[in-house]
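A.B. asks: Take the sequence shown: its position 277, counted from the start at 1, is 311 in the numbering used here, and no numbers get skipped.
C-beta atoms are modelled at their ideal positions from N, C-alpha and C, and glycine is treated no differently.
All values derive from a computational prediction rather than experimental measurement.
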Amino acid sequence: MKLKALLLLLLVSTPSLTVAKTANIWASIPFIRGADLCQYSQAYSQTRSEYMHDMTNMASQLMEFGAKGSEALEMLEKFDSLYDKNLRLAMQYKYMDVTLENTLKSYLDSYYRSQPVKDRKVYFRQLNDIRSITRAINNGQRIGHIPADSYSVVDYIGYGSYALAPNCNGNIQVTITLVSKDGMTKNYSGLGKPAIVMSQIASKIFTEFERTQFPSTLNVNGRKLTLLGTSNGSIGETFSPRDASRTCRYMGGRLPNSFELERISSYGDWNGGVSIGSAIWAIDQGSTPMVYHPGLRNPSPVRSASEVGNKKLKFYCVK
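Structure follows, in structure tokens:
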């Protein structure tokens, strides 16, 4: 259910401003264990007097139920030691890095299986030959050898960090960093249970590299149509279709007409198009800019601005 919710969020959100590029990422992602934010939070969430007050109350309650003073103290010490023991076991972090790496790849692949992406841009690529990979796996080792010419075959080297979250409810805080050939970094973070936290990061990576970026050129009605976006390189918002039309003229373009809007939407957000969704759009429909309202299809979604009232409109320019 959480995976479906994330996919729905991706479909209805607005295209990002970054330039999408193909990303061949080294398949092995080493992780650094960060600070235990849970213990840190517990250590500083209460003053010494508050901690002693809570312990005293617990001892009093035990004694009210019939425990002697020494017995109450012994029980409190056992409870405290059991909690510390469980925390130490959780803090061993054994194979946590393997879990995080593999779940990241799994969730990312699941997005590609679920979304109609024509040209996949993100791949995890091994830099080692199959024999060294098999040997490392048989020995229970990570595949960690990086050739000197690694950037000749991959675009990014990735690494991550993780730490127990400060709320002490079993969540972990994870950050993934991608380092490009020129040394620039892209950072993605997530917070949640170990089994699902990487779905958040996989969602962000998928969105950044696969979502339509402007300018984008599509084949519409047998001719090339370039999507310019707006002045800030994204989808614009306005309350007036005339203002939207004026912005497009300044950019050397125009608003799409209703046919173009629908045809561009058919490509989807992951293949160079822009989905109509449930938004209301400013369009070019002759001498007077009009509005495309997908919720008003009888007799037509094309309406005048006065028919939809003072509603926020989305728009982008084409040429």
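Who are the Cβ neighbours of I66 in its own chain at under 6 Å, not counting the five residues just before and after it?
C.D. replies: S195
A.B. asks: Looking at the structure shown, is F240 part of a helix, part of a strand, or coil, going by DSSP?
C.D. replies: Collapsing the DSSP output to three states places F240 in a helix.
A.B. asks: Out of curiosity, what's the CA-to-CA distance linking G226 and V151?
C.D. replies: 27 Å
A.B. asks: Let me make sure I understand the geometry here. Which of Q160, W60, P328 and N344 has the alpha-carbon closest to that of Y190?
C.D. replies: W60
A.B. asks: Grouping DSSP H, G and I as helix and E and B as strand, with all else coil, what is M342?
C.D. replies: Note that residue 342 corresponds to Val in the displayed sequence, not to Met. Of the three classes helix, strand and coil, the one that applies to V342 here is helix, per DSSP.
A.B. asks: Residue ranges of each beta strand (DSSP E) run of no fewer than 3 residues wholly in the region 171-241, ordered along the chain?
C.D. replies: Residue ranges of uninterrupted beta strand (DSSP E) with 3 or more members, entirely inside the region 171-241 and ordered along the chain, are 190-198, 206-214 and 219-226.
A.B. asks: Looking at the C-beta of A313, does it have a partner C-beta in chain B at a distance below 8 Å?
C.D. replies: Protein chains in the displayed structure number just one, and chain B is not present.
A.B. asks: For the 8 Å Cβ check, are there 3 or more pairs between the region 278-292 and the region 343-353?
C.D. replies: yes
A.B. asks: Tell me which residues share the same chain as Y185 and place their Cβ nearer than 7 Å to its Cβ, disregarding the 5 neighbours each side in the sequence.
C.D. replies: Cβ neighbours of Y185 beyond the five flanking positions: K215.
A.B. asks: On the CB-based measure, 16 or more other CB atoms within 10 Å of its CB, does T52 come out buried or exposed?
C.D. replies: No answer about T52 holds up, because its pLDDT of 37 lies below 50 and its placement is not dependable.
A.B. asks: Give me the Cβ distance between A316 and P275, rounded to the nearest whole Å; I'm assuming they're in contact under 8 Å.
C.D. replies: 4 Å
A.B. asks: Using the C-alpha atoms, what's the distance from I239 back to D153?
C.D. replies: 15 Å
A.B. asks: Shortest alpha-carbon distance to V213 belongs to which of S233, G192 and G307?
C.D. replies: G192
A.B. asks: Pop quiz: R337 and L330 are said to be a contact at Cβ under 8 Å. What is the actual Cβ separation, rounded to whole angstroms?
C.D. replies: 6 Å
A.B. asks: Check L289 in the structure and name its three-state DSSP category.
C.D. replies: Three-state DSSP puts L289 in coil, outside helix and strand.
A.B. asks: Does the count of Cβ pairs from the region 255-263 and the region 293-312 closer than 8 Å reach three?
C.D. replies: yes
A.B. asks: If we ignore side chains and look at the alpha-carbon of each, how far apart do N344 and T272 end up?
C.D. replies: Here the alpha carbons of T272 and N344 stand approximately 10 Å from one another.
A.B. asks: Out of F349, A69, A57 and S62, point me to the one whose CA is closest to Q207's CA.
C.D. replies: A69
A.B. asks: So what's A278 in DSSP terms, helix, strand or just coil?
C.D. replies: helix
A.B. asks: Alpha carbon to alpha carbon, how far is S268 from P228? Give it in angstroms, no decimals.
C.D. replies: A direct Cα-Cα distance of roughly 34 Å separates P228 from S268.
A.B. asks: Considering only their Cβ atoms, is the gap separating G302 from S309 smaller than 8 Å?
C.D. replies: Going by C-beta atoms, S309 is nearer than 8 Å to G302.
A.B. asks: Excluding the 5 residues flanking D183 on each side, which residues of the same chain have their C-beta closer than 7 Å to its C-beta?
C.D. replies: none
A.B. asks: So which of W304, Y326, A339 and D318 has the shortest CA-CA distance to S148?
C.D. replies: W304
A.B. asks: Beta-carbon within less than 6 Å of F243's beta-carbon, same chain only, minus the 5 sequence neighbours each way: which residues are those?
C.D. replies: Residues of the same chain with a CB within less than 6 Å of the CB of F243, apart from the 5 flanking positions on each side, are A54, A57, K155 and V156 in chain order.
A.B. asks: Is the separation between the beta-carbon of P64 and that of D163 shorter than 8 Å?
C.D. replies: Their beta carbons are not under 8 Å apart, which means P64 does not touch D163 by this criterion.
A.B. asks: With burial defined as no fewer than 16 other Cβ atoms inside 10 Å of the residue's Cβ, what is the status of N205: buried or exposed?
C.D. replies: Buried is the call here.
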